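Engineer:
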Amino acid sequence: MAIKVKKAQSGLGIAPKMYESKITNLTKYPSDQLVTMNFKVTAELRRAYKKYALEKDKSMVDILKESFDLYREKNL
Numbered sequence: 028m029a030i031k032v033k034k035a036q037s038g039l040g041i042a043p044k045m046y047e048s049k050i051t052n053l054t055k056y057p058s059d060q061l062v063t064m065n066f067k068v069t070a071e072l073r074r075a076y077k078k079y080a081l082e083k084d085k086s087m088v089d090i091l092k093e094s095f096d097l098y099r100e101k102n103l
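Residue numbers (my numbering): 28 to 103.
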């Protein structure tokens, strides 16, 4: 019985189309579009944050926004 081996892709792959727009770190997003923020927290903080959001029936994003607004009010 012969074993089929998948041929490795050579080169860099397929080039993007000329008309496709590329998002770079210089691209401005619409102000209402959600974008990713990456940072790490402890598992305990994440669990407590998620639990609090569920208890208040709010999204974690909404709580983060409210928290940041309050922080800015108090610290400016």
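Glycine residues also receive a C-beta, built at the ideal position from the N, C-alpha and C atoms.
Predicted, not measured: the structure shown is a model, and the values here were computed from it.
So Tyr-98 is in the alpha helix (DSSP H); what residue range does that whole segment cover?
Structural biologist: Position 71 of the sequence shown, counting from 1, holds the residue named residue 98. Run containing Tyr-98: 87 to 102, per the alpha helix (DSSP H) assignment.
Engineer: Which class does Leu-81 belong to by DSSP, given the choice of helix, strand or coil?
Structural biologist: As a first step, residue 81 is located in the sequence shown; it is residue number 54 there, counting from the start. Residue state, collapsed to three classes: helix.
Engineer: Taking C-beta to C-beta, are Ile-90 and Tyr-79 nearer than 8 Å?
Structural biologist: Counting from 1 along the sequence shown, the entry for residue 90 is found at position 63. Counting from 1 along the sequence shown, the entry for residue 79 is found at position 52. Yes, these two residues count as a Cβ contact at 8 Å.
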